[in-house]
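*Asks:* I am attaching a structure below and will ask some questions about it afterwards.
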Amino acid sequence: MAVSHVIDDERALIDAIREIAQERVAPRAAEIDHSGTFPWDMKELLAQQDILGMPFPSEYGGIGASELAIVMAIEELSRCCATTGLLLAVQQLGSLPILLFGNEQQKQKYFPRLATGEWLAAFGLTEAGSGSDAAAMTTTAVRKGDTYILNGSKRFITNGGLAQVNSVFAQTDASKGTRGISAFIVEKDFPGFSVGRIEDKMGIKGSQTAELIFNNCEVPAENLLGREGDGFKLAMMTLDRTRPGIGAQAVGIAQGALDLAVAYSKQRVQFNKPIAENQGIQFMLADMATSVEAARLLVYNAAEMIDRGDKNFGKYSAMAKMFASDAAISVTNDAIQVLGGYGYMKEYPAERMMRDAKITQIYEGTNQIQRLVIARSLLMEQ
Numbered sequence: 001m002a003v004s005h006v007i008d009d010e011r012a013l014i015d016a017i018r019e020i021a022q023e024r025v026a027p028r029a030a031e032i033d034h035s036g037t038f039p040w041d042m043k044e045l046l047a048q049q050d051i052l053g054m055p056f057p058s059e060y061g062g063i064g065a066s067e068l069a070i071v072m073a074i075e076e077l078s079r080c081c082a083t084t085g086l087l088l089a090v091q092q093l094g095s096l097p098i099l100l101f102g103n104e105q106q107k108q109k110y111f112p113r114l115a116t117g118e119w120l121a122a123f124g125l126t127e128a129g130s131g132s133d134a135a136a137m138t139t140t141a142v143r144k145g146d147t148y149i150l151n152g153s154k155r156f157i158t159n160g161g162l163a164q165v166n167s168v169f170a171q172t173d174a175s176k177g178t179r180g181i182s183a184f185i186v187e188k189d190f191p192g193f194s195v196g197r198i199e200d201k202m203g204i205k206g207s208q209t210a211e212l213i214f215n216n217c218e219v220p221a222e223n224l225l226g227r228e229g230d231g232f233k234l235a236m237m238t239l240d241r242t243r244p245g246i247g248a249q250a251v252g253i254a255q256g257a258l259d260l261a262v263a264y265s266k267q268r269v270q271f272n273k274p275i276a277e278n279q280g281i282q283f284m285l286a287d288m289a290t291s292v293e294a295a296r297l298l299v300y301n302a303a304e305m306i307d308r309g310d311k312n313f314g315k316y317s318a319m320a321k322m323f324a325s326d327a328a329i330s331v332t333n334d335a336i337q338v339l340g341g342y343g344y345m346k347e348y349p350a351e352r353m354m355r356d357a358k359i360t361q362i363y364e365g366t367n368q369i370q371r372l373v374i375a376r377s378l379l380m381e382q
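Its first residue numbered 1, the sequence shown is counted upward by one per residue in the UniProt record's numbering.
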């Protein structure tokens, strides 16, 4: 296990989260996946244990945890259930724009109820025609007196329709390109805001992914985050800081798959001996373990850079997310192979882990986008 620099009280919290994950989360994972319904009981569990309060400063009722502690918590939860790990990751993602650019009034209004888990958060950037090309968004916001009128839609939004607090990005001046995008806090019950289709997904099936629709949606001008034109910069700053969380989700999934493969290889007997005694299996397990540990170290390093205030963490954040998610696909694939026919059956969690792992290569910036981020950073350094 990688050595980290979490302080003692955070270490105790992570140990407690590991125990909660194994005792309370793991037994629910298969049913959450099978039913495809949002796990309100897991949300309540994380809220009661103050886990959802980790990303929020203590002055607003949160824990004020370090980024390193947050990624470790996401990892421990995702090791047992990727959907449950995502609850914490998205609570941070949806609220981070307010933490970064919100004024004191906005933080006081929204953070206490987000920190307790009474309210959920969501991040509304992606549209049907603008995924990796986020600047191609067509949702608009027009100022009319003390209100902005939003029109358009967002697609593939985690917690969509469940979140009370939505950080939404829209064009306030299309002629300015990325500098014409602004960010808003949109509450679930604002007039003109509705939920469209609920997606039927390959993995993370208990997490609700939905379309958000804005039809002359009325947003108070005081809910603008920062100034007009700050939106694109804010979105990129947010994703730079939350990608290690997705890396942590990937590490957790991969570790869970490795745990399963090791345990199974000791129990499965073929040719009168456990398959763990076969060198071919041992080499697979060794490669899987090395990939998991390398991914973990990259994720922890990126989180610690954020905690230190290192200004050049973006490249390492992208590396962590990219490498960890690729590792999760490779490790879960190998876990299925170690389990053989049983790995392909829903009786064992290996196939669920592989389906859950795939999304980590896609959301919060595809791994192709991560490679662009890394390459551009490298070229600018020379």
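All C-beta atoms, glycine included, are put in the ideal place defined by N, C-alpha and C.
All values derive from a computational prediction rather than experimental measurement.
So glutamine 282 and proline 274 are supposed to be a Cβ contact under 8 Å. How far apart are they, rounded?
*Replies:* To locate residue 282, count along the sequence shown from 1; it is residue 282. To locate residue 274, count along the sequence shown from 1; it is residue 274. Rounded, the Cβ-Cβ distance is 11 Å, inconsistent with contact.
*Asks:* Skipping 5 residues on each side, what residues in its chain have a beta carbon closer than 7 Å to that of arginine 24?
*Replies:* Here residue 24 is taken as the residue at index 24 of the sequence shown, counted from 1. Leu45.
*Asks:* Relative to the C-alpha of cysteine 81, which candidate in Gly94, Ala295, Ile17 has its C-alpha closest?
*Replies:* Position 81 of the sequence shown holds residue 81. Ranking Gly94, Ala295, Ile17 by Cα distance to cysteine 81 puts Ile17 first.
*Asks:* Pull the bridge partners of cysteine 217 from the DSSP assignment, please.
*Replies:* Numbered from 1 along the sequence shown, position 217 holds the residue referred to as residue 217. DSSP lists Leu150 as partners of cysteine 217.
*Asks:* Can you check which of these residues, Thr140, Thr147, Asn166, Ser153, is closest to threonine 172 by C-alpha distance?
*Replies:* Working through the sequence shown from its first residue, we reach residue 172 at position 172. Ranking the options by Cα distance to threonine 172, first place goes to Thr140.
*Asks:* So, is valine 373 buried or exposed, given that buried needs 16 or more other C-beta atoms within 10 angstroms?
*Replies:* Locating residue 373 in the sequence shown gives position 373, where the first residue counts as 1. Burial call: buried.
*Asks:* What residue from Ser265, Ala295, Gln270, Asn301 has the CA that sits closest to leucine 285's CA?
*Replies:* By 1-based counting over the sequence shown, the position of residue 285 is 285. If we check each option's Cα against that of leucine 285, Ser265 comes out closest.
*Asks:* What does the alpha-carbon distance come out to for the pair isoleucine 246 and leucine 212?
*Replies:* Walking along the sequence shown from the start, residue 246 turns up at place 246. Walking along the sequence shown from the start, residue 212 turns up at place 212. Spanning the two alpha carbons is a distance of roughly 22 Å.
*Asks:* Determine, using beta-carbon pairs with one atom in the stretch 118–132 and one in the stretch 149–165, whether at least three such pairs fall under 8 Å.
*Replies:* The stretch 118–132 is in contact with the stretch 149–165.
*Asks:* By DSSP's criteria, valine 168 is part of a beta bridge. Which residues make up the other side?
*Replies:* Looking up residue 168 in the sequence shown gives position 168. Per DSSP, Gly124, Phe184.
*Asks:* Could you check what DSSP says for threonine 116 in three-state terms: helix, strand or coil?
*Replies:* Numbered from 1 along the sequence shown, position 116 holds the residue referred to as residue 116. Three-state DSSP puts threonine 116 in coil, outside helix and strand.
*Asks:* Do glutamate 293 and lysine 321 come within 8 Å of each other at the CB atom, strictly closer than that value?
*Replies:* Here residue 321 refers to the residue found at position 321 of the sequence shown. Here residue 293 refers to the residue found at position 293 of the sequence shown. Not in contact: lysine 321 and glutamate 293 (Cβ atoms no closer than 8 Å).
*Asks:* Can you tell me where the beta strand (DSSP E) holding glycine 196 begins and where it ends?
*Replies:* One-based indexing of the sequence shown puts residue 196 at position 196. Glycine 196 -> beta strand (DSSP E) spans 193–198.
*Asks:* Does the pairing of the stretch 146–155 with the stretch 92–102 give three or more beta-carbon distances under 8 Å?
*Replies:* Output reads no: the stretch 92–102 does not touch the stretch 146–155.
*Asks:* Would you report the Cα separation of alanine 324 and asparagine 272, rounded to the nearest angstrom?
*Replies:* The residue you call residue 324 lines up with position 324 of the sequence shown. The residue you call residue 272 lines up with position 272 of the sequence shown. Those two C-alpha atoms are separated by around 36 Å.
*Asks:* Should the stretch 192–200 be called in touch with the stretch 228–248, which here means at least 3 C-beta pairs below 8 Å?
*Replies:* Result no; under three Cβ-Cβ pairs closer than 8 Å.
*Asks:* Let me confirm a value: glutamine 368 is counted as buried when at least 16 other C-beta atoms fall within 10 Å, else exposed. Which label applies?
*Replies:* On the sequence shown, position 368 is the one that residue 368 refers to. Exposed is the call here.
*Asks:* For arginine 227, report the span of its alpha helix (DSSP H) as first-last.
*Replies:* Taking the first residue of the sequence shown as position 1, residue 227 is located at position 227. Arginine 227 -> no alpha helix (DSSP H), and no H or E assigned at all.
*Asks:* Should histidine 34 be labelled buried (16 or more other beta-carbon atoms within 10 Å of its own) or exposed?
*Replies:* Translated into the one-based positions of the sequence shown, residue 34 becomes position 34. Under this definition histidine 34 is an exposed residue.
*Asks:* Considering only their Cβ atoms, is the gap separating leucine 99 from aspartate 307 smaller than 8 Å?
*Replies:* In the sequence shown, counting from the first residue as 1, residue 307 sits at position 307. In the sequence shown, counting from the first residue as 1, residue 99 sits at position 99. No, the Cβ-Cβ distance between aspartate 307 and leucine 99 is not below 8 Å.
*Asks:* Where does lysine 346 land, buried or exposed, given buried means 16+ other C-beta within 10 angstroms?
*Replies:* In the sequence shown, residue 346 corresponds to position 346, counting from 1. Classification of lysine 346: exposed, given that the 10 Å Cβ count is below 16.
*Asks:* In the DSSP assignment, find the alpha helix (DSSP H) that holds alanine 26 and state where it starts and stops.
*Replies:* Locating residue 26 in the sequence shown gives position 26, counting from the first residue. Taken as a continuous stretch (DSSP letters only), alanine 26 belongs to no alpha helix (DSSP H), as it is neither H nor E.
*Asks:* Leaving out five residues before and five after glutamate 10 in sequence, what residues of the same chain have Cβ atoms less than 7 Å from its Cβ?
*Replies:* Here residue 10 is taken as the residue at index 10 of the sequence shown, counted from 1. The answer, listed in chain order, is Ala65, Ser66, Ala69.
*Asks:* For leucine 212, write down the residues that DSSP places opposite it in a beta bridge.
*Replies:* Residue 212 sits at position 212 when you count from the first residue of the sequence shown. BP columns for leucine 212 point to Lys154, Val195.
*Asks:* Would you please state the rounded distance, in angstroms, between the beta carbons of phenylalanine 111 and glycine 62? I believe it to be under 8 Å.
*Replies:* In the sequence shown, residue 111 corresponds to position 111, counting from 1. In the sequence shown, residue 62 corresponds to position 62, counting from 1. That pair is a contact at about 7 Å.
*Asks:* Starting from alanine 89, trace the alpha helix (DSSP H) in both directions and tell me its first and last residue.
*Replies:* Numbered from its first residue, the sequence shown carries residue 89 at position 89. Per DSSP, alanine 89 belongs to the alpha helix (DSSP H) from 82–101.
*Asks:* Measuring straight from C-alpha to C-alpha, what distance separates leucine 225 and glycine 231?
*Replies:* Numbered from 1 along the sequence shown, position 225 holds the residue referred to as residue 225. Numbered from 1 along the sequence shown, position 231 holds the residue referred to as residue 231. Cα to Cα, the separation comes out at about 8 Å.
*Asks:* Relative to the alpha-carbon of valine 168, which residue among Glu104, Arg155, Glu304, Glu76 has its alpha-carbon at the smallest distance?
*Replies:* Mapped onto the sequence shown, residue 168 falls at position 168. The shortest Cα separation from valine 168 among Glu104, Arg155, Glu304, Glu76 belongs to Arg155.
*Asks:* In chain order, what residues of the same chain have a beta carbon less than 6 Å from the beta carbon of isoleucine 74, not counting five sequence neighbours either side?
*Replies:* Along the sequence shown, one-based indexing puts residue 74 at 74. Once the five neighbours on either side are set aside, the close Cβ partners of isoleucine 74 are Gly85, Leu88, Ala89, Gly245, Ala248, Gln249.
*Asks:* Taking the alpha-carbon positions, what's the alanine 30 to proline 349 distance?
*Replies:* For the purposes of this step, residue 30 is identified with residue 30 of the sequence shown, where counting begins at 1. For the purposes of this step, residue 349 is identified with residue 349 of the sequence shown, where counting begins at 1. Their backbone Cα atoms lie some 7 Å apart in a straight line.
*Asks:* What whole-angstrom Cβ distance do valine 142 and valine 186 have, given they're in contact under 8 Å?
*Replies:* In the sequence shown, the residue the question calls residue 142 occupies position 142. In the sequence shown, the residue the question calls residue 186 occupies position 186. Actually they are not in contact, since the Cβ atoms of valine 142 and valine 186 sit about 15 Å apart, beyond 8 Å.
*Asks:* Give the DSSP-derived three-state secondary structure of valine 3 in the structure shown.
*Replies:* Within the sequence shown, residue 3 is the residue found at index 3, counting from 1. At valine 3 the pLDDT is 47, less than 50, meaning the model places this residue with poor confidence; the figure from the coordinates comes in the next sentence. The answer is coil: DSSP assigns valine 3 none of H, G, I, E or B.
*Asks:* Between the alpha carbons of asparagine 159 and glutamine 270, how many angstroms are there, rounded?
*Replies:* Position 159 of the sequence shown, counted from the first residue, corresponds to residue 159. Position 270 of the sequence shown, counted from the first residue, corresponds to residue 270. The alpha-carbon atoms of asparagine 159 and glutamine 270 are separated by roughly 45 Å.
*Asks:* What is the DSSP secondary structure of glutamine 249, reduced to helix, strand or coil?
*Replies:* As a position in the sequence shown, residue 249 is number 249, starting the count at 1. Glutamine 249 falls in the helix class under three-state DSSP.
*Asks:* Suppose the cutoff is 7 Å on Cβ atoms and the five residues either side in sequence are ignored; what does the same chain contact list for serine 58 look like?
*Replies:* As a position in the sequence shown, residue 58 is number 58, starting the count at 1. Hits under 7 Å: Gly64.
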